[in-house]
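See below for the structure under consideration.
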Amino acid sequence: MSPFAQVEFLYLGTVVICGLILLFLFSEKSRRTKLSLLVSEKLLPKLIPEWSPFQQKIKFSFMLLCFAMIFIALSRPQWGTRQRTSEPTGIDILVAIDVSKSMLARDVRPNRLERVKLSMTNLMEKVRGDRLGLIAFSGSAFLQCPLTLDHQAFVKTLEDLTIGLIKNPGTNLSKPIDEASRSFSQDDSDRFLILLSDGEDLEGEGLKRAKQAAKEGIRIFTIGIGSKEGDRIPLDPIGQPAQNFLTNPQGETIVSKKDENSLRAIAEATGGVYFPLGPTGEGLERTLQRLQSIGQQKKRELLSSELPIERFFPFALLALILLFIEDLTTSGRKKLTRWGTTCLTLAIILLVGCLKRDNVKNAEDALRDGNPRKAALFYDAEINATKTMDKPIDPKLFLNAGLAHLEAGSLTEANQFLERSLDASVDDPNLQSIGLNALGNLFYRKTNLWLDEQNVGEARRSWEKALKFYDAAFQLDGNEKASANLASLKQQIEKRIQSLVSKVTGKIWRDLNGDGNSQKNEPGLKGFVFWDKDGNGEHNSSNEPSVQTNEDGFFAFEWISSKYPVSLELDSKIEDSNGSTTVRLMPMFPAPPPPLNPNVVKNHLVKIESPGEKLLAIPYRAAPLLIGQVWGDKNGNGIRESTESGFKNATLYLDQNGNFAMDENETTFKPQEDGSFAQPVPPGQYSVCVLPDNPDANVTFPLDARKSYLAWTNFESSSEQLDFGIQDDSEENEQSNASDQENQDGSSEPSDSPNSQDDSSVEEREPLPQEVNALYERLLQEMESKSEPLDPNLREVQATASGRDY
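Here our numbering is used: the first residue of the sequence shown is 1484, the next is one more, and so on.
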């Protein structure tokens, strides 16, 4: 056996050395010939003291020996033997994932398939050194990624898995076992298949094929996904509410349930184990731990082999020494000096570079010194410097810059850098998790800042963003401690919000029976409730916020205050669609606490003692009305005829003192153009009288001598048919005179006949006897004593009228 492992280098070295000898002899002869043409050979030592043919031969000999040692080292001389122990490589694992439509069910978050992908990605550290392969299956199976040590390629293929990747629908658990059997190498002693599915083997061939796989040496570990109760299969994309669900040909919604029995049977038939996946992938983690324990046992079985000892090193070292000796000759000293100078200069440059403190080091020192703002500036400078050199920026720089800005309180800059770190680290789950958690902390701080300003709306929006980032980070790392911390933070935020917010709810409705409680037969009123800041009962849309009710009159709003108790005045307006144009509806206000005057209250005084819920009832009732008509009684018979129309030239008044004469302090109102009137008044008893504008006119109806009505009104019940007839001959005379004047060429002065007034009119204008007034007042007192107030807590609604103000 040859002592050289690669003897061909010896042959090559012999040829090279012979070639070098011939080249040296030829070059020496050529040099001597050229020198002899310039100068005599005897003068060479005097002209060129360093010239020495002997030294040239010595140098060439050292060089030849150096080349000889190099080629001997390359031929790998070997003598003697040694025992070598080696560890076996990692195990081979094929992962088969169900991509049928049942994996869209959302009984695990975000759905079954995405949960499997996230769990597998998070556990890649558990299988370092093992070869992984990926199989996708539904009605058939396909090897998506062959067995490989390139785990990044495996993860990329895993992320690309989608529902519908395999065209054959359904779930056939025998197909991934067939594909795994073809994918394992024939010399593999350990074959492991991890089967992840909901277990619904629609074809029923999985167990039969698993028993055959056991004979082939394949061990199957099964992992069940989903819940026993099952869930519907949504067809909507993730992130959107589930509204459309998969149905069978009969139109019935399909419910997909986890079948643990079939999965457990397949695992036990091959010597494997079944685990449920769990909410954070615990089942997959336990499976990988089992496989790693098998791999560790395999690594303890050391392999031993007898190998020859390589002896090339002494020859390589001797070649280096000869090369150095060649440089120590007289002609090589200058070259050595130049090399030494160059090496010294290079060493100084490298030393200066090592002593130079870069931005990252400065940033780390600033963080240790408790100066995050300064650290953030150093990270910014490093990022900008990397940009100027057109080099890719490490995602960790973005992340560290964002964390430094966050610690310094620069939330806007922190948000920008953390977002950029997420974009640059899509293939690094660890960095993604840190960045997402940092963004959650950022928006948590924003939430507290908004709450400090009592801006609950913005605080809630920031908190929703924080929850999304926290949840995304939890989906990546599955940290149970982080989940507990999140629950604690959520409780803190909700407690702060509740300490500021009171929810005011209520209803606007028509209170038909006046009990102040909404009944089923009492309709709700659509409108709006507003904050009556100036307390005038009118809505100023520019500075008084309002909230609309729904169709049934219900409303709700939040009142935010840093201190309690707090009082506010609320009022309401209803829409015309409630029929308020045909029936005059008005709000019922509760009596205010003393010393406030109930007669001037125009809104609801709401006092909120502490944060929580406050109920507000806003009842409306039909206003009490005095309804009637004044007509022109042309013939004075007190009976309205079809030819007689309404009369507007009169004034109606409410007689207070029983003298049946209009006084200055009594409420008055005018009829409409057609003589009709509908006057709102507070509930109570009224004496309604009329006074014609023309003193010569006569009141012909009512027929009694007082020419008035004694009316009683209440909410939801008006006093109607209060009709008055008035005979006014002046209108007919004016019309007759106007026609006569048109027929005459000239005009004559109308005679003034003040004595033409009717004696009966004079009598009507005279005050009634004192006995009649006293009798009328007595009647009013008796009726008032028999009446009862509607509700002691309700204030009488004020009527807008001229004269006396009720």
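Heads up, the beta-carbon is just placed ideally off N, CA and C, and yes, glycines get one too.
Which residues in the same chain have their Cβ closer than 7 Å to the Cβ of residue i, if we skip the five residues on either side of it in sequence?
i: residue 2121; result: 2183, 2184, 2186 and 2208
i: residue 1750; result: 1703, 1704, 1705, 1756 and 1757
i: residue 1890; result: 1855
i: residue 1845; result: 1861
i: residue 1775; result: 1609
i: residue 1912; result: 1604, 1605 and 1959
i: residue 2095; result: 1985
i: residue 1543; result: 1507
i: residue 2088; result: 2050, 2052 and 2075
Closest to residue i by C-alpha separation, out of the options, would be which residue?
i: residue 2037; options: 2017, 2101 and 2096; result: 2101
i: residue 1989; options: 2009, 1625, 2061 and 1553; result: 2009
i: residue 1971; options: 1982, 1953, 1958 and 2090; result: 1953
i: residue 2204; options: 2134, 2179, 2108 and 2211; result: 2108
i: residue 1983; options: 2047, 1925 and 1927; result: 2047
i: residue 2112; options: 2155, 2103, 1680 and 1487; result: 2155
i: residue 1561; options: 1490, 1774, 2206 and 1575; result: 1490
i: residue 2134; options: 1898, 2149, 2124 and 1985; result: 2149
i: residue 2194; options: 1519, 2092, 2162 and 1714; result: 2162
i: residue 1654; options: 1740, 1574, 1695 and 1598; result: 1740
i: residue 1632; options: 1723, 1950, 1612 and 1862; result: 1612
i: residue 1958; options: 1845, 1506, 1544 and 1606; result: 1606
i: residue 2169; options: 2190, 2146, 2137 and 2180; result: 2137
i: residue 1760; options: 1747, 1602 and 1898; result: 1602
i: residue 1575; options: 2117, 1867, 1777 and 2000; result: 1777
i: residue 2144; options: 2117, 2164, 2175 and 2166; result: 2175
Exposed or buried, what is residue i when buried is set at 16 or more other beta-carbons lying within 10 Å of its beta-carbon?
i: residue 1797; result: exposed
i: residue 1872; result: exposed
i: residue 2050; result: exposed
i: residue 1494; result: exposed
i: residue 2188; result: exposed
i: residue 1628; result: buried
i: residue 1662; result: buried
i: residue 1683; result: buried
i: residue 1497; result: exposed
i: residue 1987; result: buried
i: residue 1616; result: buried
i: residue 1461; result: A question about residue 1461 goes unanswered here, because the residues of the chain that appear run from 1484 up to 2289.
Going along the chain, which residues of its own chain have a beta-carbon closer than 8 Å to the beta-carbon of residue i, five neighbours each way excluded?
i: residue 1635; result: 1910
i: residue 1719; result: 1725, 1726 and 1727
i: residue 1659; result: 1579, 1618, 1620, 1624, 1676 and 1678
i: residue 1651; result: 1621, 1622 and 1623
i: residue 2091; result: 1985, 1987, 2042, 2044, 2047, 2048, 2049, 2050, 2051 and 2097
i: residue 2005; result: 1992, 1993, 1994, 1995 and 1996
Going by DSSP in three states, residue i sits in which element: helix, strand or coil?
i: residue 1775; result: helix
i: residue 2103; result: strand
i: residue 2205; result: coil
i: residue 1496; result: helix
i: residue 2056; result: strand
i: residue 2069; result: strand
i: residue 2197; result: strand
i: residue 1879; result: helix
i: residue 1762; result: coil
i: residue 1899; result: helix
i: residue 2130; result: coil
i: residue 1704; result: strand
i: residue 1675; result: strand
i: residue 2117; result: coil
i: residue 1724; result: coil
i: residue 1715; result: strand
i: residue 1749; result: helix
i: residue 1844; result: helix
Leaving out five residues on either side along the sequence, give the residues of the same chain with a beta carbon under 6 Å from the beta carbon of residue i.
i: residue 1557; result: 1492
i: residue 1583; result: 1621 and 1654
i: residue 1742; result: 1682 and 1683
i: residue 2031; result: 2011
Does the Cβ of residue i lie closer than 7 Å to at least one heavy atom of the ligand ADP?
i: residue 1724; result: For the structure depicted, the ligand ADP is absent and the ligand set is empty, with no information on it obtainable.
Alpha helix (DSSP H) segments (min. 4 residues) lying fully within the stretch 1633 to 1661
1634 to 1642
Quiz item: Which full runs of the beta strand (DSSP E) of 3+ residues lie inside the stretch 2160 to 2193, going along the chain?
Solution: 2167 to 2175 and 2181 to 2184
### Query
If you scan the stretch 1971 to 2054 from start to end, which runs of the beta strand (DSSP E) of 3 or more residues do you find wholly inside it?
1984 to 1993, 2010 to 2014, 2029 to 2031 and 2037 to 2043
Check your understanding: What are the uninterrupted segments assigned as beta strand (DSSP E) that are 3 or more residues long and contained completely in the stretch 1541 to 1576, given in chain order?
Key -> 1561 to 1569
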